[in-house]
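Chemist: In our numbering, the protein residues as written are 0 to 260.
Even glycine gets a Cβ: it sits at the ideal position worked out from N, Cα and C.
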C-alpha cells in the first residue's frame with residue numbers, strides 16, 4: 000500500500016524517483032546569499048539609527064553619571080549604596096554542566112529568608128577583555144621554551160577576540176562572566192549588619208553547593224565591568240582603579256560621555 004501511495008505522489012509531479020521529487024521542491028527555493036535591498040541599504044549606512052541619535056542627543060545634555068545610581072561601597076560589609084537602595088554583588092563562575100536536580104538546589108536561594116521586594120538580577124556576559132588573563136598566563140611560565148609556547152598560544156587566541164578562530168564557524172574567544180546582584184529598598188542600616196552578612200554567607204553557600212564558584216564583587220571589578228559594557232568606543236577598555244574618595248558612578252565613564260566612538 001505504501002508503494003502505491005509513493006507512486007501516486009511521483010506521478011502527480013511527473014517524476015520517476017524520490018531524488019527527482021526532492022529536486023522539484025528544492026530547486027524552487029532561492030539559493031543565493033544576497034540580502035534584500037532594504038537590508039543592503041541599512042548595512043551601507045554609517046550614521047546612527049534614530050534610537051542612537053536620540054540617545055546621543057541625551058548625552059550631549061546630560062552626563063552618564065547622572066543615570067547611574069551607585070554612590071559608595073562599604074569595605075566591611077561589601078554593601079553598595081545608591082540614592083534609594085543598597086545591596087551586594089556576587090562575581091560567579093559559570094557552569095559547564097549540571098545535575099538533573101540543579102533547579103531544585105537553586106530553589107534553596109528562595110528559602111533563605113530574603114526580604115520581600117528584594118531585587119535579584121543575573122547578568123551573563125561574554126567578555127572579550129582577556130588581556131589580564133593573557134598576561135597572568137604568560138607570567139607563570141619562566142623557562143624560555145615555555146614562555147615561547149605561552150606567547151604563541153596567546154597570539155593564537157588573540158585572533159579570536161575580533162573574529163572567529165576558524166572561518167565559517169562561530170568560534171570567538173570569550174570570557175564568560177556571571178554576575179548576580181541582590182538589591183534592597185532604602186538606605187543601609189548598620190543595625191542589620193549581622194543579618195546582612197549572614198544572608199551573604201547563606202547565598203554563597205547555596206551557590207557553592209551547586210558548584211557555582213563565587214566571591215563578593217569589589218568596586219574595581221564592578222567599575223571595570225560597567226566600563227566594558229558602556230564605554231564601547233574604548234578598545235581595549237582602559238582599566239580603572241577604584242577611588243574611595245569619589246562616588247562610584249563618577250568613575251565608570253569618561254568625562255566626555257563618548258560611548259559610541
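1. Give the straight-line distance between the Cα atoms of residue 175 and residue 149, rounded to the nearest whole angstrom.
2. With a threshold of 8 Å, are at least 3 pairs of Cβ atoms found where one atom belongs to the region 73 to 89 and the other to the region 182 to 202?
3. Mapping the DSSP letters down to three states, classify residue 278 as helix, strand or coil.
4. Using only alpha-carbon positions, find the residue among 215, 125, 202 and 242 that is nearest to residue 104.
5. Pick out the complete alpha helix (DSSP H) segments inside the region 77 to 120, 4 residues or longer, and give them in chain order.
6. Find out if the Cβ-Cβ distance for the pair residue 248, residue 64 is shorter than 8 Å.
7. Which partner residues does residue 184 have in the DSSP bridge list?
8. Between the alpha carbons of residue 168 and residue 179, how many angstroms are there, rounded?
9. Grab the span of the alpha helix (DSSP H) containing residue 213 for me, first residue to last.
10. Have a look at residue 120 and residue 244 and give me their C-alpha separation to the nearest angstrom.
11. Among residues of its own chain, excluding the 5 on either side of residue 93, which ones have a beta-carbon nearer than 6 Å to its beta-carbon?
12. Hey, could you find the ends of the alpha helix (DSSP H) residue 133 is sitting in?
13. Can you list, in chain order, the residues of its chain whose CB lies under 8 Å from that of residue 240, leaving out five sequence neighbours each side?
14. Measure the C-alpha to C-alpha separation of residue 158 and residue 173 and round it to an integer number of angstroms.
15. Buried or exposed: residue 251, going by 16 or more other Cβ atoms within 10 Å of its Cβ?
16. At the level of alpha carbons, what is the spacing between residue 153 and residue 147?
17. Using the beta-carbon count (16 or more within 10 Å), is residue 17 buried or exposed?
18. On the three-state DSSP scale, how would you describe residue 172?
19. My guess is that residue 183 and residue 235 are in contact by the Cβ rule of under 8 Å, so how many angstroms apart are they, rounded?
20. Would you kindly work out how many angstroms separate the C-alpha atoms of residue 133 and residue 36, rounded to a whole number?
21. In the DSSP assignment, find the beta strand (DSSP E) that holds residue 73 and state where it starts and stops.
22. Based on the DSSP secondary-structure assignment, which residues constitute the bridge partners of residue 178?
23. Put residue 153 into one of helix, strand or coil per three-state DSSP.
24. For residue 159, does the three-state DSSP call read helix, strand or coil?
25. Using a C-beta cutoff of 8 Å, does residue 13 count as contacting chain D?
Modeler: So, from the data block:
1. Residue 175 and residue 149 have their C-alpha atoms some 21 Å from each other.
2. yes
3. Residue 278 is absent from the model: the chain starts at 0 and stops at 260.
4. 202
5. For the region 77 to 120, the continuous alpha helix (DSSP H) assignments of 4+ residues that do not extend past its boundaries occur at 101 to 105, in sequence order.
6. yes
7. 84
8. 31 Å
9. Premise fails: residue 213 lies in the beta strand (DSSP E), 213 to 215, not in any alpha helix (DSSP H).
10. Their backbone Cα atoms lie some 27 Å apart in a straight line.
11. 175 and 177
12. 130 to 138
13. 219
14. 11 Å
15. buried
16. C-alpha separation (whole angstroms): 10 Å.
17. Around the beta-carbon of residue 17, fewer than 16 other beta-carbon atoms lie within 10 Å, marking it exposed.
18. coil
19. Not quite, the Cβ-Cβ distance comes to about 35 Å (not below 8 Å), so this is no contact.
20. 43 Å
21. 71 to 73
22. 90 and 122
23. helix
24. helix
25. Although the question refers to chain D, the structure presented lacks it and comprises just one protein chain.
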